[in-house]
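In UniProt numbering, the protein residues as written are 1 to 409.
These notes concern the structure reproduced below.
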């Protein structure tokens, strides 16, 4: 145990040496114009054609926390994935203003005096926010910026095992996880006694309806269909299984596997493995864009799916590399965020397969036409800007109501 304590403490120190810059831990430096970047994208573009900046574990801000809001250092080093810009989901306001349009929210089924509800967790730790806080902040943002849309990746967090949380006693099952989500959409709060409920806020109008039917999944919509709404991309169980009846058919096919469209290999054992994590991100960027590397078995034969939504998690963690070490690196090790911004800028020969003059071992499509949905830890403002700038802009052929619109917004 002494060895573990020393190792963990040293990780806290080494992680802290990563300083804020344009790719890491500087979200407020993102371009001011990002606040409504989707308003400049034509409405007939489907969501799978977009380059969408997102946050992994969007509200993971603290480990063990005190009554004063302070966070204990070691558990926070393990747990924290985003800059803290306020509890009760206030951090989301900063993220959305910076241009983040994909959120990753992990929930626990709670039972309190008001009934059964979702609280926001990362592993064992409550993140001082409830699902109603998330919806409240997103609703306020979309009311102020009605031509934007938010992709929500929702996951049941609590396995009940060591290192994880446990749902409220008697409610840790798929039936209650599904019922609790429905309660927000139907304006009710279950008392916990069967189907008995009391009236509560109905959030259904905040969601793009085809993504939350409860009995079917939706095809990927056009942006014009979803402006001003949350699109539930998918709802996953505690083991990663996909709940049918919610979200988009791609990338989260109900009852099936999302391995084709989602890269979320988060295991990074130590800092020497950060390069390996980056290569997984890079490989998924190639798949997203129909580019292949002859030295990678099977890549050339893989069928390009330009009409599918791809999700790429840059996040990683392990006993020897905590989230902000993986994202921000150390003075001697490059982090994933820096690798990614170099790739997007075409610098340091980081991703030559997407640029003119590439080696003959690369083939397929000639360039990167989209990033897909990029779910990041501690994104810097410059990194968000690079993703946003890859989106199509121009006159919008349809306005929010489907009428012909002939001028730029």
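Glycine residues also receive a C-beta, built at the ideal position from the N, C-alpha and C atoms.
Since this is a predicted model, take the numbers as computed values, not measurements.
- DSSP places residue 128 inside the beta strand (DSSP E), whose first and last residues are 125-130.
- For residue 177, the three-state secondary structure derived from DSSP is helix.
- Its chain contains 46, 47, 48, 248, 250, 309 as the residues whose beta carbon lies nearer than 7 Å to that of residue 220, once the 5 sequence neighbours on both sides are disregarded; these appear in chain order.
- Excluding its 5 nearest sequence neighbours in each direction, residue 207 has C-beta neighbours in its own chain below 8 Å: 185, 229, 230, 231, 232, listed in chain order.
- Of all C-beta pairs linking the stretch 150-169 to the stretch 120-127, three or more are shorter than 8 Å, placing the two stretches in contact.
- For residue 278, the enclosing alpha helix (DSSP H) covers residues 274-289.
- Close CB contacts of residue 371 within its chain, under the 8 Å cut and outside five residues either way in sequence, are with 51, 52, 285, 288, 312, 344, 387, 390 (chain order).
- Per DSSP, the beta bridge partners of residue 24 are 379.
- Beta bridge pairing from DSSP links residue 188 with 199.
- If you look at residue 207, you'll find it isn't in any alpha helix (DSSP H); DSSP assigns it neither H nor E.
- If you draw a straight line from the Cα of residue 216 to the Cα of residue 68, it is about 44 Å long.
- Here residue 205 has no same chain residue with a Cβ atom under 6 Å from its own Cβ, once five neighbours each way along the sequence are excluded.
- If you draw a 10 Å sphere on the C-beta of residue 303, you find fewer than 16 other C-beta atoms in it, and that means exposed.
- Only exposed fits residue 296, as fewer than 16 other CB atoms lie within 10 angstroms of its CB.
- Residue 95 and residue 356 have their C-alpha atoms spaced approximately 34 Å apart.
- The distance from the Cβ of residue 55 to that of residue 375 is about 7 Å, consistent with a contact at the 8 Å cut-off.
- Across the structure, residue 273 and residue 259 are spaced so that their CA atoms are roughly 21 Å apart.
- Comparing C-alpha distances from residue 266 to each of 143, 334, 314 shows the shortest one belongs to 314.
- Below 8 Å, too few C-beta pairs join the stretch 318-335 and the stretch 359-366 to call them touching: fewer than three.
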